[in-house]
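Here is the structure we will look at.
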Amino acid sequence: MSEKVIGVYPLFNTGGICVHAIDYAEDKVLASVNGENPGWCEMAEKPQPEEDGSEMESGFLFGSFFVPFSGVIRM
């Protein structure tokens with residue numbers, strides 16, 4: 162693993178999306194699957210499913226998969 166992991170979004174019992182860095186100035190997140198080959202991902206927001214659509218949830222897009230910051234476990 163080339164970068165320190167600061168958080169993990171668990172996908173299943175043997176894998177997760179690792180967060181290595183957050184660049185708030187550029188609105189991007191350095192992330193990888195299981196710590197291998199990190200790449201920059203764009204930050205995004207999407208409506209929270211349990212709300213009426215007025216509340217937005219912050220996260221980032223890992224490919225086409227939305228990763229909510231609320232689901233990332235800090236290391």
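Start counting at 1 in the sequence shown, then tack on 161, and there's your number in our numbering.
Every residue, glycine too, gets a C-beta built ideally from N, C-alpha and C.
Since the structure is predicted, the reported quantities are computational estimates derived from the model, not experimental observations.
- Just so you know, the alpha carbons of Gly224 and Met236 end up roughly 23 Å apart.
- Relative to Glu197, the option among Ser219, Gly176, Lys207 and Phe227 whose CA is nearest is Gly176.
- Just so you know, the alpha carbons of Leu191 and Ile234 end up roughly 15 Å apart.
- Within the same chain, and ignoring the five residues on either side of Pro171 in sequence, the residues whose Cβ sits closer than 6 Å to its Cβ are Gly177.
- When rounded, the separation of the alpha-carbon atoms in Lys189 and Glu216 is 21 Å.
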